[in-house]
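Encoded as structure tokens, the structure appears first; notes follow it.
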Amino acid sequence: MEESSYWIETLGCPKNEVDSEKLVGVIESDGLVRADGPSEADLVVVNTCAFIEAARRESVDTILELSSRRREGSRLVVTGCMAERYGKELAESLPEVDLVAGFGCSPTFALGAENGVAGTKTVAVKIPNRATRTRATPERDGLDARLGSFDLLELPRPAPETPWAYVKVAEGCDRICGFCAIPSFRGRQRSRPIESVVAEVESMLEGTEKDDGRGVGGIKEIVLVAQDLAAYGRDRVAGADGFGPDATTRRSRGQTAQSEPIVSLTKEISKLVPRTRLLYLYPSGLTDELVDTVVSTGVSYFDLSLQHVSRAHLRRMRRWGDAERFMEKISEIRSRDSGATFRSSFILGYPGETESDHQELLDFLEVAELDWAGFFTYSREDGTYARDLPDQVPAELAMERLRECTELQDAMTAFKRDSLVGEVKEVLVDSPGVARSVHEAPEIDGIVEVPKSLEVGRLVDVVITGSLGTDLTGEPVDGSRFEDRDARSGSGD
Ligand code: SF4
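Under my numbering, think of the first position of the sequence shown as 4, with each following residue one higher.
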């Protein structure tokens, strides 16, 4: 296997990207090297997304495209959410695929003698004539052993090539949102101990070039992700790592104040890197202490998972909150930091959504002045509470509502971006000519265009000189803080 090479394609969200990096760790530890492209690889892996219908279509299109581009004799492996959720169906409908591997199964098994399929509830083994037979759960164990079963969350990963990295701190979710199938195939929340997350960040820092004292080198930003990040750690029993029930439960039991695990984790990570960013915060989990902690790290970025704002409609979604409470939270945060950045996502056309619910959302977008927002039409998913609800909204109407929200928010985003022109911002140079301030999360928000001469991995002060849609332009400030620091150390201060 020493001379073999691999290619991995990742679809879906940042959480999947972390999984892919960990799979790369497994594949490379099996002796494979990265190929220059899918057509040159012995092993082609597609890490799929099964979140909604559109994501599944994209996953299948990618599988078929890579299958047509791969070279003869190579092996094609499908892993990730689709493999876990629809393993058997995928194996049956896509004869091009050599192995469908559920979570925690090594893709390199496809290079071995036997091809197979492993899912959570059933196991299907592909036999050489490409027919597929399924086996019941008890027989999974033997196959898992041969597939190399592992826990993706705790696997080591290679150092990132960018000056920032996602770190997944928990898997699964304990909530019951009506539209969401994630808990059905990712399971209940399972948080990593703080020590384990800290160790992962430390090992990534050790694996990268150190900061050279001028702000060049090293990882500058860690982006913490989980399905329900604010609830991180609540599933762990109080013990050596100090985890326990959430603050409300503790208060009701008359227990003394103790920080939420996400607060402790954020504080620990921010000791290691200049920027710690949190993605996917369920709004009820945003305690005052968490807000204060986020603001104190210097990355006042709040990615609030709102999904809608109409109280009646949120209850149909089996979610917490309403427009008034959300505005209260946002105003409270702005009173602590007027420059805080807000992102959210919303679903249009969930069953039962009325014109008045929709109008409430439009009104909210007007007054909340979010910096960023993503809009999605409802996708009717198997295994969800909403699957068979009455009052399904016609697809065209959902799309029309999505267009209205997008139009309104695009104008709001442009307005918010314009308001930054003339300000001085510290940016992190991600790649030549491309940087981000604290207002932009990697990959989902806009960027700050900077001169290509600025070194990648450097934190540098720029004055924002222009804005176009989602993107800004910036020019380095004369005597930025690094030159200042050099001058100070030169003068013996
Ligand atoms: S909180 Fe997020 S992951 Fe959990 S059930 Fe709701 S939508 Fe799904």
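Think of the CB as a built atom: it goes at the ideal place given N, C-alpha and C, for glycine as much as any other residue.
Alpha carbon of residue i to alpha carbon of residue j, nearest angstrom
{"i": "E61", "j": "L14", "result": "8 Å"}
{"i": "L307", "j": "Y169", "result": "18 Å"}
{"i": "L365", "j": "L309", "result": "14 Å"}
{"i": "I467", "j": "M330", "result": "29 Å"}
{"i": "K419", "j": "E205", "result": "35 Å"}
{"i": "A398", "j": "T380", "result": "8 Å"}
{"i": "G425", "j": "R314", "result": "39 Å"}
{"i": "E500", "j": "A57", "result": "Look at the range of the chain in this structure, 4 to 496, and you will see that residue 500 is not part of it."}
{"i": "E356", "j": "K332", "result": "24 Å"}
{"i": "V276", "j": "V396", "result": "46 Å"}
{"i": "L351", "j": "F182", "result": "11 Å"}
{"i": "S194", "j": "G28", "result": "21 Å"}
{"i": "T259", "j": "E335", "result": "Confidence is the limiting factor: at T259 the pLDDT is only 48, short of 50, which leaves the residue's position unreliable and the question unanswerable from this model."}
{"i": "L400", "j": "R390", "result": "18 Å"}
{"i": "W10", "j": "C52", "result": "17 Å"}
{"i": "S382", "j": "D45", "result": "36 Å"}
{"i": "D291", "j": "R37", "result": "45 Å"}
{"i": "L317", "j": "C108", "result": "37 Å"}
Chain-order list of residues whose beta-carbon lies under 6 Å from that of residue i (same chain, five-residue window excluded)
{"i": "G377", "result": "S348"}
{"i": "S287", "result": "W323"}
{"i": "G386", "result": "A184, S187"}
{"i": "D295", "result": "none"}
{"i": "L392", "result": "P354"}
{"i": "E384", "result": "A184"}
{"i": "C16", "result": "none"}
Sequence-distant residues of its chain with Cβ nearer than 8 Å to residue i (five each side left out)
{"i": "I179", "result": "P186, R321, Y388"}
{"i": "E99", "result": "I66, L67, S70, L79"}
{"i": "E20", "result": "T13, Y169"}
Exposed unless 16 or more other CB atoms sit within 10 angstroms - verdict on residue i
{"i": "Q192", "result": "buried"}
{"i": "D231", "result": "buried"}
{"i": "G90", "result": "buried"}
{"i": "L471", "result": "exposed"}
{"i": "Q362", "result": "exposed"}
{"i": "R160", "result": "buried"}
{"i": "E327", "result": "exposed"}
{"i": "G40", "result": "exposed"}
{"i": "S23", "result": "buried"}
{"i": "K455", "result": "exposed"}
{"i": "V297", "result": "buried"}
{"i": "D481", "result": "exposed"}
{"i": "P110", "result": "buried"}
{"i": "R189", "result": "buried"}
Distance between beta carbons of residue j and residue i, contact taken as under 8 Å
{"i": "L541", "j": "V47", "result": "Because the chain here runs from 4 to 496, residue 541 falls outside it and cannot be looked at."}
{"i": "L227", "j": "T279", "result": "7 Å"}
{"i": "L69", "j": "E12", "result": "6 Å"}
{"i": "S338", "j": "T300", "result": "Wrong, their Cβ atoms sit about 18 Å apart, outside the cutoff."}
{"i": "Y235", "j": "L268", "result": "6 Å"}
{"i": "V453", "j": "G477", "result": "5 Å"}
{"i": "W167", "j": "E203", "result": "Their Cβ separation, rounded to whole angstroms, is 14 Å, which puts W167 and E203 out of contact at 8 Å."}
Any non-hydrogen atom of the ligand COA closer than 7 Å to residue i Cβ
{"i": "Y285", "result": "Because the ligand COA does not appear in the structure shown, any question about it cannot be addressed here, the ligands present being the ligand SF4."}
Residues near residue i by beta carbon distance below 7 Å, same chain, minus five either side
{"i": "R439", "result": "V430, L431, D433, P445, I450, V451"}
{"i": "M497", "result": "Past the edges of the chain, shown from 4 to 496, lies residue 497, and the structure says nothing about it."}
{"i": "A233", "result": "I265, L284, Y285, G288, L289, L293"}
{"i": "F106", "result": "E87, L155"}
{"i": "S42", "result": "R72, R73, R74"}
{"i": "E271", "result": "I197, V201"}
{"i": "D394", "result": "P354, G355"}
Selected residue, minimal CA-CA separation from residue i, among the options
{"i": "D33", "options": "F112, L281, T82, T296", "result": "F112"}
{"i": "L26", "options": "N50, L282, S299", "result": "N50"}
{"i": "L577", "options": "E203, G221, H311, A173", "result": "A question about residue 577 goes unanswered here, because the residues of the chain that appear run from 4 up to 496."}
{"i": "E443", "options": "A417, Q395, W375", "result": "W375"}
{"i": "P264", "options": "E198, L423, T409, R328", "result": "E198"}
{"i": "G83", "options": "R337, A104, L35", "result": "A104"}
{"i": "R461", "options": "A417, T409, P479, K270", "result": "P479"}
{"i": "D325", "options": "S334, G342, F367", "result": "F367"}
{"i": "E372", "options": "S341, S42, T165, M85", "result": "S341"}
{"i": "G229", "options": "R237, V36, E203, C176", "result": "It is worth fixing the name first, because residue 229 is Ala in this sequence and not Gly. Closest option to A229, Cα to Cα, is C176."}
{"i": "R346", "options": "D448, R73, H316", "result": "D448"}
{"i": "T473", "options": "V465, A414, E458", "result": "A414"}
{"i": "V465", "options": "V312, K428, A202, A53", "result": "K428"}
{"i": "E358", "options": "R404, R390, L317, R383", "result": "R404"}
{"i": "S7", "options": "S109, E31, E410, R319", "result": "E31"}
{"i": "L158", "options": "V200, E164, P166", "result": "V200"}
{"i": "V437", "options": "R318, I55, L475", "result": "L475"}
{"i": "V459", "options": "M85, E271, E164", "result": "E164"}
{"i": "R319", "options": "L457, T344, D360, L423", "result": "D360"}
{"i": "L423", "options": "H316, G469, L457, E407", "result": "G469"}
{"i": "T344", "options": "K171, L411, V302, K18", "result": "V302"}
Residue i at chain C interface by Cβ criterion, 8 Å
{"i": "R88", "result": "Looking for chain C here will not work: only one protein chain is present."}
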